[in-house]
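Here's the structure, in structure tokens; my notes come after.
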Amino acid sequence: MTRRFRGESHHKVDAKGRVSIPASFRRVLEAGDPDWTEGLNPNLVIVYGDHRRKFLECYTIEAIDEVDRKIDKLPRGSKERKILQRLYHGQSLPTNVDETGRLVLPAKLREKIGLENEAFFIAAGDTFQIWKPETYDQEEMAETEAWLDEQPEDFDPLIFLDKARGEE
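Listed below in structure tokens is the structure:
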């Protein structure tokens, strides 16, 4: 079974774009990199292409391979395949974690999401996201809180898993 990213944290970004990855995220990256062995730095892929997304999506090698397999099943020459190839192949950055547990985020990626001195990392199952903290708070967190406020006081979000069980 694939390990999942869990948790959230804030990390400083230096002038060269270096930022520490949460230690628990590094373990998942190692487990999700078929070429990783003790002493090597794990590889990952950062997807940045969708102009509407205000975050960077970071994939383990196994997770991006799964996306690639699904793209490969689409008809060659189809608009959907071309767009997905552009977003997940062309507008992505294969990289690795350095020996001190950091990523180097190029200026282009930092500028895309307005990242300056601090990055917010949040787990998203088989991926994790990197946000400008203020953007996450204003958009994602505000949306989640507003949605929860609309629910009854005794609402349990796990009810959605009961619905998913019927789809297995």
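Residue numbers (the UniProt record's numbering): 1 to 168.
Each residue gets a CB set at the ideal place from its N, CA and C atoms; glycine is no exception.
Cβ-based neighbour list, residue i, same chain, cut-off 6 Å, excluding 5 preceding and 5 following
i           : result
residue 120 : 10, 131, 133 and 136
residue 4   : 125
residue 43  : 33, 61 and 96
residue 122 : 8 and 129
residue 36  : 30 and 42
Distance between residue j and residue i (C-alpha atoms, nearest Å)
i           : j           : result
residue 96  : residue 156 : 38 Å
residue 59  : residue 8   : 16 Å
residue 80  : residue 114 : 29 Å
residue 152 : residue 67  : 37 Å
residue 184 : residue 147 : Nothing can be reported for residue 184: it is not among the residues displayed for the chain, which extend from 1 to 168.
residue 145 : residue 54  : 19 Å
residue 40  : residue 112 : 30 Å
residue 16  : residue 107 : 8 Å
residue 138 : residue 56  : 17 Å
residue 64  : residue 117 : 28 Å
residue 14  : residue 158 : 39 Å
residue 25  : residue 6   : 8 Å
Beta-ladder partner(s) of residue i, from DSSP
i           : result
residue 5   : 125
residue 10  : 120
residue 81  : Paired residues: none, contrary to the question.
residue 20  : 102
residue 152 : Paired residues: none, contrary to the question.
residue 130 : 56 and 121
query: Counting pairs of Cβ atoms below 8 Å between the stretch 41-58 and the stretch 86-104, do you hit three or more?
result: yes
task: Please list the segments of the alpha helix (DSSP H) lying wholly inside the stretch 36-78, counting only runs of 4 or more residues, in order along the chain.
output: The qualifying runs are 61-72.
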